[in-house]
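Read through the structure below, which is laid out as structure tokens, and then see the notes.
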Amino acid sequence: ENTYEALTSPDLSCGAGACGTAGCSEASLVASFETPVRVHRIRVGVDLNKGDFDAAAANDAKLQYLTPNGWQDGNVSVVIRDRLVRDIELPEVLIAKAFRLVRRQRIALGLLLFE
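Per the working numbering: the sequence shown ends with 109, consecutive numbering throughout.
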């Protein structure tokens, strides 16, 4: 189930995923907040329990943030190589009420935190 709890499990024992739908080749995981938040780093990780949430389902995902004009590119791509968890520093602090990771066809993560 795609919940806050599934994506913040410190032992990477669960996760969340999404697939593109007919007519839309992109899949995304969205984090939304009641008020705008400042984000300077994201932490992403793979799922250790199911085995199907490996780095291949996360790599090349793009970070986007919601503005009054729609989704904007955050100039960050996810790359997880020889590790389970990766901290990614943003080129600049982003302030928004919603963020998402977008990837072609399928995305799956065991951990997604915004700092």
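Glycine residues also receive a C-beta, built at the ideal position from the N, C-alpha and C atoms.
Cβ atoms of residue 95 and residue 101 come within 8 Å of each other, at about 6 Å.
Non-local beta-carbon contacts of residue 67 in its own chain, meaning distances under 7 Å to residues more than five positions away in sequence, involve 56, 58 in chain order. Just measuring C-alpha positions, the residue of 37, 92, 23, 24 sitting nearest residue 83 is 37. Per DSSP, the beta-bridge partners of residue 33 are 88. Ranked by Cα distance from residue 74, the first of 108, 99, 52 is 52. Taking C-beta atoms as the reference points, residue 33 and residue 70 fail to come closer than 8 Å. In terms of CA proximity to residue 104, 40 leads the group 27, 40, 23, 21.
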